[in-house]
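Here the sequence shown is numbered in the working numbering, starting from 268 and rising by one per residue. Think of the CB as a built atom: it goes at the ideal place given N, C-alpha and C, for glycine as much as any other residue. Because the structure is a prediction, the values reported are computed rather than measured.
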Amino acid sequence: MFTTLDTFALIAYLGVIVAMGLYLSRKNHDFHDYMFGGGRMPWWSIGISLIATSVSASTFLGNPAETFQGDMTYLMFNIGSLVSIMIVAVWFIPRFQRMKVVSAYELLEITFSRPVRLLAASFYTAHLLLRTGILLYGPALVLSQMLGLNIYLAICITAFIAIVYTWFGGLKAVVWTDVLQFFVLAGGGLLALWTCTEAVGGWAELSEAAIEAGKTKWFDTTVDPSQAGNFLSAGVAYIVFDLAIRGCDQQFVQRYMSCRDAFEANRGSYLSLLLGALIGLLFFWVGAALYVYFEVTRVTFLPPALGVNEIFPYFILHVLPPGLTGLLVAAIFAAAMSSLDSAVTALANTTVTDFLPHNEDVKKCPKGTLLRARMWVLFWGVIGTLAAFVCVAGEQSLLTKALFFTSLFIGPLLGLFLCAFFFPYLASRAVIIGAVLGMASLLPFSTIPVIPAEWFQPVYPLSWTWKPLVSMSFCLITAHIANLFVRSNGEETVP
Numbered sequence: 268m269f270t271t272l273d274t275f276a277l278i279a280y281l282g283v284i285v286a287m288g289l290y291l292s293r294k295n296h297d298f299h300d301y302m303f304g305g306g307r308m309p310w311w312s313i314g315i316s317l318i319a320t321s322v323s324a325s326t327f328l329g330n331p332a333e334t335f336q337g338d339m340t341y342l343m344f345n346i347g348s349l350v351s352i353m354i355v356a357v358w359f360i361p362r363f364q365r366m367k368v369v370s371a372y373e374l375l376e377i378t379f380s381r382p383v384r385l386l387a388a389s390f391y392t393a394h395l396l397l398r399t400g401i402l403l404y405g406p407a408l409v410l411s412q413m414l415g416l417n418i419y420l421a422i423c424i425t426a427f428i429a430i431v432y433t434w435f436g437g438l439k440a441v442v443w444t445d446v447l448q449f450f451v452l453a454g455g456g457l458l459a460l461w462t463c464t465e466a467v468g469g470w471a472e473l474s475e476a477a478i479e480a481g482k483t484k485w486f487d488t489t490v491d492p493s494q495a496g497n498f499l500s501a502g503v504a505y506i507v508f509d510l511a512i513r514g515c516d517q518q519f520v521q522r523y524m525s526c527r528d529a530f531e532a533n534r535g536s537y538l539s540l541l542l543g544a545l546i547g548l549l550f551f552w553v554g555a556a557l558y559v560y561f562e563v564t565r566v567t568f569l570p571p572a573l574g575v576n577e578i579f580p581y582f583i584l585h586v587l588p589p590g591l592t593g594l595l596v597a598a599i600f601a602a603a604m605s606s607l608d609s610a611v612t613a614l615a616n617t618t619v620t621d622f623l624p625h626n627e628d629v630k631k632c633p634k635g636t637l638l639r640a641r642m643w644v645l646f647w648g649v650i651g652t653l654a655a656f657v658c659v660a661g662e663q664s665l666l667t668k669a670l671f672f673t674s675l676f677i678g679p680l681l682g683l684f685l686c687a688f689f690f691p692y693l694a695s696r697a698v699i700i701g702a703v704l705g706m707a708s709l710l711p712f713s714t715i716p717v718i719p720a721e722w723f724q725p726v727y728p729l730s731w732t733w734k735p736l737v738s739m740s741f742c743l744i745t746a747h748i749a750n751l752f753v754r755s756n757g758e759e760t761v762p
């Protein structure tokens, strides 16, 4: 159970996080300091921050559940990630660094027009807001059950702390708290794995039992686009999905631009891949260890009505000794806050640089823009909290809806960037038409959440890994077709 010592450990951790944000606020003198760390952040801190943002609570809580009921085949996603990072290193990061963009979507205005930039920024904002609500709701649901809190209160506590240190410290606070939170997250996984290992008789016994139970299987050669856990989906189609995130997401671009140059940004990017693979492997092994602990050696019995997603929280609360329980709960808070702080910073940056009228040049770092950035951090923090409230009301069905709408946005968003890189001669109206039709191309392959199932069934249901590939491809093809008609109507294209 949660003891006084656990409460002390949790409060101490949250206090350290807030103190870091207050301390780092002294070094923010203008917009560039606040949003990009002055362009002087160490590459290794950026690499850790990238993976801390990407991991979220889904890895801490989801990976153990995935292995407990299945195996480790989701490790194959690292194959797709390696290819996507190599592409980002060659085509995306050098371009962003060379052009000194303040927003990823500034590049689209330079190449095409301001409407294209606004469309891309709108796609990104909608995608990230949906994701933020889910990533804040999931951990809060677990924390409310573990600590006996009202779920709305759990959401508010997590959001309030993240907003406070982000408001004061900006990207510096986000990055350095992400570094701390990554080590808390990894430490929590190691503690859980060590506790299980000691209880079942050692690593040899644990690994042997896990292998015999089939929990260590990580490679699946089946070919089924409707399933995500096979090589074709995770190792091939996932390349496009991950490329859309690492190359077009303002959270990532903001960190690339906080490094001194493209070389250091790439070092941080590759470090994030290595750490992501290791942290994923760690928590998959936590799930295997929990299976051996509860189902093979039966050191302790699980309550009969416990769901697979509740097993790890049950272990944290009822098996770990006092003090360690508080640290593991702090790790869940860390995962939730590292997702929210990055989201609100990126959304604030996008709002100031992409949506607001350019009556001030943010590249010259005016003091007024710094204040506006802080106000938008507060605004998006509140909106992200409300999005999590909506998730509570929608319960499980909202996750399906969020995944559907998110898949609509990131494929066409990547298509816009590829048009800018390789087909800059396209007319801006043609690119916009391509992006919209790219979104529409997913309808035959998806269940539409807002339409009753008896009214519409997909022609062939694709897994979420394939949808960005489909929408991106349709975006590129239809943009070229539309360009022929736009040109015939007299709109000039860029030579």
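Where residue i sits in the DSSP three-state scheme
i	result
residue 417	coil
residue 331	helix
residue 724	coil
residue 264	No answer is possible for residue 264: the residues shown for the chain start at 268 and end at 762.
residue 369	coil
residue 394	helix
residue 541	helix
residue 494	coil
residue 615	helix
residue 295	coil
residue 339	coil
residue 486	coil
residue 481	coil
residue 623	coil
residue 636	helix
residue 469	coil
residue 309	coil
residue 509	helix
Through-space distance from residue j to residue i, alpha-carbon basis
i	j	result
residue 685	residue 698	11 Å
residue 287	residue 750	51 Å
residue 279	residue 476	38 Å
residue 497	residue 490	7 Å
residue 458	residue 471	17 Å
residue 532	residue 551	29 Å
residue 518	residue 564	44 Å
residue 486	residue 480	16 Å
residue 482	residue 555	6 Å
residue 338	residue 733	21 Å
residue 514	residue 452	25 Å
residue 306	residue 381	26 Å
residue 363	residue 741	25 Å
residue 277	residue 407	15 Å
residue 463	residue 488	31 Å
residue 370	residue 302	10 Å
residue 447	residue 387	32 Å
residue 436	residue 293	8 Å
residue 640	residue 616	7 Å
Other residues of its chain near residue i: CB distance less than 8 Å, five sequence neighbours each side excluded
i	result
residue 747	690, 693, 697 and 701
residue 285	428, 431 and 432
residue 578	331, 332, 335, 557, 561 and 569
residue 281	428, 597 and 600
residue 713	671, 674, 725, 728, 729 and 734
residue 349	540
Own chain partners of residue i with C-beta closer than 7 Å, once the 5 adjacent residues on each side are dropped
i	result
residue 710	none
residue 390	676, 679 and 680
residue 544	345
residue 590	272, 273 and 276
Whether residue i touches residue j by CB criterion (8 Å)
i	j	result
residue 507	residue 743	no
residue 575	residue 583	no
residue 314	residue 539	yes
residue 456	residue 355	no
residue 730	residue 536	no
residue 316	residue 516	no
residue 643	residue 618	yes
residue 399	residue 607	yes
residue 502	residue 346	yes
residue 779	residue 656	No statement about residue 779 is possible, as the shown extent of the chain runs from 268 to 762 and does not include it.
residue 659	residue 418	yes
residue 403	residue 425	yes
residue 612	residue 521	yes
Own chain residues within Cβ distance below 6 Å of residue i, not counting five before or after
i	result
residue 439	291 and 304
residue 626	Annotation note: pLDDT 49 at residue 626 (below 50); position unreliable, coordinate value reported separately. Cβ neighbours of residue 626 beyond the five flanking positions: none.
residue 310	526, 531, 534 and 535
residue 385	none
residue 745	701 and 704
Ordered list of alpha helix (DSSP H) runs contained in the stretch 556-596, each at least 4 residues: 578-585
Taking the runs of the alpha helix (DSSP H) that are 4 residues or longer, which of them lie wholly in the stretch 681-750? 695-707
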